[in-house]
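If you're matching positions, the sequence shown starts at 268 in the working numbering and goes up one per residue.
Scroll down for the structure; my scribbles are underneath it.
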Amino acid sequence: MARTYVHFAAFHPALFTFIFAAKQDAQASEVRKASSAAMAVLTETISQGQRNGQIITA
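What follows is the structure in structure tokens.
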């Protein structure tokens, strides 16, 4: 997932910038909702990997 995130940012910098700029727009509630949902998937995936011992924290 991390590689995909970095790949997206590297190969689509304008869209990546737009996504984060839109999150700051008071009228972009749908963008914020989608962003939060996507972050929740990433956070849960990492948490699950930690619980399963697949991701080891220092």
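Glycine included, every Cβ here is placed at the ideal spot set by N, Cα and C.
These figures come from a predicted structure and were not determined experimentally.
- Closest in alpha carbon position to Phe-283, among Val-298, Gln-294 and Ala-293, is Val-298.
- The criterion of a C-beta distance shorter than 8 Å is not satisfied by Ala-289 and Ala-281.
- For Ala-269, the closest of Lys-300, Ile-286 and Met-306 by C-alpha to C-alpha distance is Met-306.
- A straight line joining the alpha-carbon of Gln-321 with that of Ile-313 spans about 9 Å.
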